[in-house]
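Sequential numbering from 339 applies to the sequence shown in the numbering used here.
All residues carry an ideal CB built from backbone N, CA and C; glycine is no exception.
From a predicted model like this one, the values you see are computed outputs, not experimental measurements.
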Amino acid sequence: MNKDFEKCLKKKSIVKQPHTEALIGDELNAAIRDLKRARRTYDEFLDDLDYKWATIQAYYSMFHAARALLFAKGYREKSHYCLKIAM
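Here it is as structure tokens:
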């Protein structure tokens, strides 16, 4: 096991949690929804602020997809950093 992952477990920034498989579908749906919104924002608007918003939407799409993967392993994150470490 990765030592950074172990640190996240020790700090309780990632916790073992039962019944996470029930959460996977919702997270994947959120990931798909956010990605569609990011694409629409990127395609429909032309100024720099809209590109920034599309980037944020795309980030949250990746966040929800990563959460679904973590849930599939029976864990739940308490920080974005530790979710990244888990990936």
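Buried versus exposed call for E359 [16 or more other C-beta atoms within 10 Å across all chains shown]: Indexing the sequence shown from 1 puts residue 359 at position 21. Per the 10 Å Cβ criterion, exposed.
L361 beta carbon less than 8 Å from that of A403: Your numbering for residue 403 matches position 65 in the sequence shown. Your numbering for residue 361 matches position 23 in the sequence shown. No. Outside cutoff.
Neighbour flag for D364 against chain B, beta carbons, 8 Å: Absent here is chain B; the protein component of the structure consists of one chain.
Whole-angstrom distance between D381 and K374, CA atom to CA atom: Taking the first residue of the sequence shown as 1, we reach residue 374 at position 36. Taking the first residue of the sequence shown as 1, we reach residue 381 at position 43. Straight-line Cα distance between these residues: approximately 11 Å.
Alpha-carbon spacing of L421 relative to K348, whole angstroms: Counting from one through the sequence shown, the residue named residue 421 turns up at place 83. Counting from one through the sequence shown, the residue named residue 348 turns up at place 10. Linking L421 to K348 through their CA atoms gives a straight-line distance of about 14 Å.
For D364 and A392, the rounded distance between their alpha carbons: Translated into positions along the sequence shown, residue 392 becomes position 54. Translated into positions along the sequence shown, residue 364 becomes position 26. Computed Cα separation, rounded: 21 Å.
Member of A424, S417, Y419 and A410 whose CA lies at the smallest distance from the CA of Y356: Locating residue 356 in the sequence shown gives position 18, counting from the first residue. First, the amino acid is wrong: residue 356 is Pro here, not Tyr. Out of A424, S417, Y419 and A410, A410 has the C-alpha closest to the C-alpha of P356.
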